Structures are given as structure tokens and as C-alpha cells.
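Peer 1:
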Amino acid sequence: MRLAYDIILRPIITEQSMEHADLKKYVFEVLPDANKIEIKKAIEEIFDVEVMKVTTLNMKGKVKRTGRYPAGPRKAWKKAVVKLSDNSKTIEFFEGMV
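Take 261 as the starting number for the sequence shown in our numbering and just add one per residue.
Dropping the structure here:
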């Protein structure tokens, strides 16, 4: 059994993800083998909110150059977009970012 803090790795804070904060959509990096049910339970446990929908995307690792050396790959990761219900409270972590 994995803990909630093992499933949710970090929040994704970008301009594009912050535009959806007013719609109660939040973006997180999660474990690559975590499913939507585990992600939903983890978010509800950590932030004490009610999750309505979870959408996941597998992000491929890009190939990047590192100076004069040959190109190397970045790691692949999984992104989860979490939509909270209308009567749920917002996640306080994201409030100061907007």
C-alpha cells in the first residue's frame, strides 16, 4: 500500500496551470504507475477536498543538448489534472500564486 505523499510528487506551477485555478483545476506530477483512483484518494486525503474528475497524461522525456556533449534524454513523467467539485473548498497552496 502506497501512501498519499508517495503518489503525489509535486505541484506543477506554470502560467498555463494557474489560469485554470479559478475553475478549480489543479495540476500535479504523480507516480508514473499511479491510476486515477489512487490519485483521487491521495488528493482528497492530503488537501481535504472533494475531487470530481482526474485526467492523466504521460509526458515523454525530451532530448536536450548539454553544451558540447551529445544530447541526452530528460525523464518521462506523468501529469494529473484534478478538477474539484463546485461545493469543495480550494487548495490553499495555489491561492498565493495567481
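Glycine residues also receive a C-beta, built at the ideal position from the N, C-alpha and C atoms. These numbers come from a predicted model, not from an experiment.
According to DSSP, is K313 part of a helix, a strand, or is it coil?
Peer 2: As a first step, residue 313 must be located in the sequence shown, where it is residue number 53. Strand at K313.
Peer 1: So is Y329 buried or exposed if we call it buried at 16+ other beta carbons inside 10 Å?
Peer 2: The sequence position of residue 329 within the sequence shown is 69, counting from 1. Within 10 angstroms of the beta-carbon of Y329 lie fewer than 16 other beta-carbons, which makes it exposed.
Peer 1: So, for E305: in the same chain, excluding its five sequence neighbours on each side, which residues have a beta-carbon less than 6 Å away from its beta-carbon?
Peer 2: Here residue 305 refers to the residue found at position 45 when the sequence shown is read from its first residue. Closer than 6 Å at the Cβ level, and outside the excluded window around E305, lie A264.
Peer 1: Kindly identify the DSSP beta-bridge partner or partners of T326.
Peer 2: Taking the sequence shown and counting its residues from 1, one reaches residue 326 at position 66. In DSSP, T326 forms a bridge with Y329.
Peer 1: Whole angstroms are fine: how far does the CA of I297 sit from the CA of K362?
Peer 2: Outside the displayed span of the chain (261 to 358) sits residue 362, for which this structure offers no information.
Peer 1: When DSSP labels each residue in this structure, what does A281 get in the three-state scheme?
Peer 2: Here the question's residue 281 lines up with position 21 in the sequence shown. Looking at A281 - three-state DSSP - the assignment turns out to be helix.
Peer 1: Who are the Cβ neighbours of L317 in its own chain at under 6 Å, not counting the five residues just before and after it?
Peer 2: The residue given as residue 317 occupies position 57 in the sequence shown. Cβ neighbours of L317 beyond the five flanking positions: K339.
Peer 1: Put A302 into one of helix, strand or coil per three-state DSSP.
Peer 2: Sequence index remark: in the sequence shown, residue 302 carries index 42 (1-based). DSSP places A302 in helix when its eight states are reduced to three.
Peer 1: With DSSP collapsed to three states, give me the class of A294.
Peer 2: Against the sequence shown, residue 294 aligns to sequence position 34. Coil, per DSSP.
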